[in-house]
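Chemist: The following block contains the structure, expressed as structure tokens.
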């Protein structure tokens, strides 16, 4: 027993010495790196460029717009996204938007000016993000072919109910997100997955991706053979036929949110990945929805295929600010 105890003691001392030596080595290396960075500031890594998350042929559904400034940014330089490929929606009525946001009237007028012939169809008001099927502009003319949006963007979602209890506030917003994900699923385009989705690919898929890379420019838009246009936005697509043609690739949902509490408490990645497991419990625990609004259920997830749609989060670059 005595010998075994001495052996354990020697082992413990040896481990302690090794850890101390490792810490000393790491501290030395850190000091050397700091000294080198101070001496050669030009050696600092270059900042990573933000990635523009929309391709030129994306059909974009914007949900939860406020003053529609994001919509105007998409239509304006340097992006100039085709207006006939955009539908921007707001939960508020048009009059409510103008009452809430003093600058909204001017922004909406500018959007309609840029949209030209498409002006009557580029904006929709009174649209519930959790009941997109009730908006004819979202569904489109053929309800049997409603997979028409390759990017569905929800900007800074929040119920705005003023719940003082943090748990009730979290549950209320989680329910909003779940309703949105279920509601958006049947309207996403179908086809090959976007390039940022990781996974095993066949040789033909790899060749197809290589071809796609040749077609796309570095900023995420399709090559047009010239620099981004600085001409008036309404003139950029004046002579281009306004044909609504969704791309043949799997649609994506983008949710913009602050990376800070309480928003991080909503745990949106978990909601998307485990939507079928959590929807019933959250719906039962969250504050009551407005009259006439039915809470989502597992049956809705299965009906609309939402459990098939939310698997792979976008790359980290997508969470950086783009110009």
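Numbering (this note's numbering), first residue to last: 3 to 325. Glycine residues also receive a C-beta, built at the ideal position from the N, C-alpha and C atoms.
#1: How many angstroms separate the CA atom of residue 58 from the CA atom of residue 305?
#2: In terms of residue numbering, what span does the beta strand (DSSP E) encompassing residue 273 cover?
#3: Determine contact between the segment 283 to 292 and the segment 120 to 131, defined as no fewer than three beta-carbon pairs at a distance below 8 angstroms.
#4: When DSSP labels each residue in this structure, what does residue 255 get in the three-state scheme?
#5: So which of 194, 119 and 276 has the shortest CA-CA distance to residue 253?
#6: Report back the beta-carbon spacing between residue 132 and residue 72 to the nearest angstrom; my notes put them in contact at under 8 angstroms.
#7: Could you tell me the alpha carbon to alpha carbon distance between residue 32 and residue 158, rounded to whole angstroms?
#8: Which of the three DSSP states is assigned to residue 262 in this structure?
#9: On the DSSP letters alone, give me the boundaries of the beta strand (DSSP E) that residue 156 sits inside.
#10: What are the partner residues of residue 194, as DSSP defines its beta bridges?
#11: Do residue 78 and residue 116 have their beta-carbon atoms positioned less than 9 angstroms apart in this structure?
#12: Could you give the residue range of the alpha helix (DSSP H) that holds residue 91?
#13: Let me check one thing: in DSSP terms, what residues is residue 106 bridge-paired to?
#14: So that I know if they touch, is there some Cβ in chain D lying closer than 9 angstroms to that of residue 95?
#15: Which two residues bound the contiguous alpha helix (DSSP H) that contains residue 169?
#16: Give a yes or no on contact between the segment 77 to 92 and the segment 54 to 69, applying the rule of three or more CB pairs nearer than 8 angstroms.
#17: Between the alpha carbons of residue 94 and residue 100, how many angstroms are there, rounded?
#18: Roughly how many angstroms lie between the CA atoms of residue 268 and residue 257, to the nearest whole one?
#19: Could you give the distance in angstroms between the alpha-carbon of residue 319 and the alpha-carbon of residue 197?
#20: Would you call the segment 60 to 74 and the segment 130 to 150 in contact, with 3 or more CB pairs under 8 angstroms?
#21: Rounded to whole angstroms, what is the Cα-Cα separation between residue 61 and residue 286?
#22: Assign residue 77 to one of three DSSP states: helix, strand, or coil.
#23: To the nearest angstrom, how far is it from the Cα of residue 110 to the Cα of residue 299?
#24: Please classify residue 247: is it buried, with 16 or more other beta-carbons within 10 angstroms of its beta-carbon, or exposed?
#25: Considering only residues of the same chain and omitting the five flanking positions on each side of residue 192, which have a CB-CB separation below 7 angstroms?
#26: Under 9 angstroms, do residue 280 and residue 190 count as touching if we go by C-beta distance?
#27: Would you kindly check if the distance between the Cβ of residue 288 and the Cβ of residue 177 is under 9 angstroms?
#28: Can you name, in chain order, every residue of its own chain whose Cβ lies under 6 angstroms from the Cβ of residue 221, other than the five neighbours on each side?
#29: I need the DSSP call for residue 124, collapsed to helix, strand or coil.
Modeler: Working from what's here:
#1: 31 angstroms
#2: No beta strand (DSSP E) holds residue 273; the alpha helix (DSSP H) holding it covers 270 to 275.
#3: no
#4: strand
#5: 194
#6: Between residue 72 and residue 132 the Cβ distance is about 20 angstroms, and since that is not below 8 angstroms, they are no contact.
#7: 39 angstroms
#8: coil
#9: 153 to 157
#10: 251
#11: yes
#12: Careful: residue 91 lies outside any alpha helix (DSSP H), inside the beta strand (DSSP E) at 88 to 92.
#13: Paired residues: none, contrary to the question.
#14: Here chain D cannot be found, since the structure has a single protein chain.
#15: 168 to 186
#16: yes
#17: 10 angstroms
#18: 12 angstroms
#19: With a pLDDT of 45 at residue 319, under the threshold of 50, the modelled position of this residue cannot be trusted; read the value that follows with caution. Answer to the nearest angstrom: the Cα atoms are 13 angstroms apart.
#20: yes
#21: 35 angstroms
#22: helix
#23: 36 angstroms
#24: exposed
#25: 149 and 252
#26: no
#27: yes
#28: Because residue 221 sits at a pLDDT of 40, beneath the cut-off of 50, its placement in the model cannot be relied upon, and the point is left open.
#29: coil
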